[in-house]
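Numbering (my numbering), first residue to last: 20 to 300.
Each remark here refers to the structure printed beneath this line.
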C-alpha cells in the first residue's frame, strides 16, 4: 500500500479523500483538530432569488419558459398543434445574487530536508513516500493547502518540489539555517492567526555541534509557538552521526506539538507516519 511507483506518487490527483480514508483506517488515525479557529474569509456569489431584469447569462430559462407559456395560453396564442413558446421581455426572469463571505480553513505544510553529501538517494525516497502520505492526510482535513520546500546543507534555500528531491550538496550541515528560513517564511506569508501550520524536518541527524543550541532556540522561541505540529524524522544513515534526534526527543515530553521519529529503512515508514499523524493535531 505504501510503496507506490515513483511517478504515480508525484501525481497530486492521487492524494485523494479515498486514499486518506484508507490511510486513516489502516493506521487508526484520529481526525485532525485544527488549532483554534483559523480561517481566511473568501468571497463567493450566492443566488438568492428571482428578479425581472439582469444579464442574459443569469436568465432563468425554466421560469422564463413557464411565464411565456402561461401568457400565451391565457391570451389564446398558444397552438398545441404547433407548440412554439416565444418569450417576450415581460416573461423573462433572472437570478438575483449577492456576495457572501465564507470562512475557508487553510493550512501550510513546510518540508525541510538535509541535502548534504551524507544524505543518499534511498533516504530521499523514504522522505518522498512519507511526505506523500502526510500530504494525503492533511489535505483531507482542510479546504486549502499550500506546500513549502526548504533544502539545506550549511545554508538553506526555498525550492520547488522537484529540486527538493533531486539536490545533493557536498558541504557540511547547519540545521539552524533551515529553521531560520522556515521562521522567515511563516512570518512573511503565513500569519499563525489565519493558517494552520505544519513543519516537518528530515535529516540523517548530522549537524555542526555548536549549532545545536541555536536550533533549539529557534524551535522553542519561534517555530513551536506558531505551528500546529513540528515533526522531526531522522532517516538513518551510516554516514550521519544521528545525534540530533536525541536533542529533539528531549522536547517531546515538554511540548505537545513535537514528534520525533527514527526511520532506519523503508520498513519503518508505516510506524513513522503513525507517529507523525497520530497526534490529531
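For each residue, glycine too, the CB sits at the ideal point set by N, CA and C.
As the structure is a computational prediction, the values presented were derived from the model and not from experiment.
(message) So, under 8 Å CB-CB, residue 197 and residue 175 are touching, yes? Tell me the CB distance rounded to an integer number of Å.
(response) About 4 Å separates the beta carbons of residue 197 and residue 175, which is inside the 8 Å limit, making them a contact pair.
(request) Would you identify the three-state DSSP class for residue 310, choosing helix, strand or coil? (result) The shown model of the chain, from 20 to 300, leaves out residue 310, and the question about it has no answer.
(message) Can you give me the C-alpha to C-alpha distance between residue 286 and residue 43, rounded to a whole angstrom?
(response) For residue 286 and residue 43, the gap between their C-alpha atoms comes out near 19 Å.
(message) Just to confirm before moving on: does the CB-CB distance between residue 153 and residue 164 stay below 8 Å?
(response) Contact flag unset, no.
(request) Take residue 69 and list the residues in its own chain whose beta-carbon comes closer than 8 Å to its own, dropping the five residues that flank it on each side. (result) So the list reads 79, 82, 112, 113, 114 and 115, once near-sequence residues are dropped.
(message) Pull the bridge partners of residue 125 from the DSSP assignment, please.
(response) Beta-bridge pairing links residue 125 to 163.
(request) Could you pull the start and end residues of the alpha helix (DSSP H) that residue 42 belongs to? (result) Start and end: 36-46.
(request) Give the DSSP-derived three-state secondary structure of residue 277 in the structure shown. (result) Three-state result, residue 277: strand.
(request) Leaving aside the five residues before and after residue 245 along the sequence, list all residues of the same chain whose C-beta is less than 7 Å from its C-beta, in chain order. (result) For residue 245, where only same-chain residues beyond five positions count, the Cβ hits under 7 Å are 205, 211 and 216.
(message) Assuming contact is defined by CB atoms lying nearer than 8 Å, are residue 14 and residue 184 in contact in what I supplied?
(response) This structure cannot speak to residue 14, because the chain is shown only from 20 to 300.
(message) Please report the straight-line C-alpha distance between residue 226 and residue 257, rounded to a whole angstrom.
(response) Approximately 14 Å between the Cα atoms of the pair.
(request) Go to residue 79, then tell me how far its beta strand (DSSP E) extends in each direction, as first and last residue. (result) Run containing residue 79: none; DSSP gives neither H nor E here.
(message) As a quick exercise: from 273, 145, 151 and 169, pick the residue whose alpha carbon is nearest that of residue 243.
(response) Ranking 273, 145, 151 and 169 by Cα distance to residue 243 puts 273 first.
(message) I need the DSSP call for residue 248, collapsed to helix, strand or coil.
(response) It is a strand residue.
(request) Take the Cβ of residue 27 as the centre, count every other Cβ of all protein chains shown within 10 Å, and call the residue buried at 16 or more, exposed below. (result) Low confidence applies to residue 27: its pLDDT is 46, below 50, so where it sits in the model is not reliable, and the reading given next is rough at best. Exposed is the call here.
(message) In the DSSP output, what is residue 177 paired with across the bridge?
(response) 169.
(request) Per DSSP, which residues does residue 215 bridge with? Please list them. (result) Its beta-bridge partners are 126.
(message) In whole angstroms, give me the CA-to-CA distance for residue 155 and residue 125.
(response) Straight-line spacing of the CA atoms in residue 155 and residue 125 works out to 15 Å.
(request) Within its chain, find whatever has a CB closer than 6 Å to the CB of residue 231; leave out the 5 residues flanking it on each side and keep chain order. (result) Excluding its 5 nearest sequence neighbours in each direction, residue 231 has C-beta neighbours in its own chain below 6 Å: 266, listed in chain order.
(message) Cutting at 6 Å between CB atoms, please list the residues of its own chain near residue 220, excluding the five before and the five after it.
(response) Within its own chain, the residues whose Cβ lies closer than 6 Å to the Cβ of residue 220, once the five positions on either side in sequence are excluded, are 131 and 251, listed in chain order.
(request) Using three-state DSSP, classify residue 95 as helix, strand or coil. (result) When secondary structure is reduced to three states using DSSP, residue 95 falls in the coil class, being assigned neither helix nor strand.
(request) For the alpha helix (DSSP H) containing residue 111, list its first residue and its last residue. (result) For residue 111, there is no enclosing alpha helix (DSSP H), as DSSP marks it with neither H nor E.
(message) For a test of the three-state rule: what should DSSP assign to residue 60, helix, strand or coil?
(response) In this prediction, residue 60 has a pLDDT of 49, which is less than 50 and means its spatial position is unreliable; nothing more can be read from the coordinates.
(request) Look up residue 51 in the DSSP assignment and say whether it is helix, strand or coil. (result) Coil at residue 51, not helix or strand.
(message) Given a cut-off of 8 Å on the beta-carbon distance, is the pair residue 281 and residue 262 in contact?
(response) Not in contact: residue 281 and residue 262 (Cβ atoms no closer than 8 Å).
(message) Please report whether the beta-carbon of residue 90 lies at a distance below 8 Å from any beta-carbon of chain D.
(response) This model lacks chain D altogether, as it is built from one protein chain only.
(message) Just to confirm the assignment, what range does the alpha helix (DSSP H) spanning residue 285 have?
(response) Segment: none, residue 285 is in no alpha helix (DSSP H) and carries neither H nor E.
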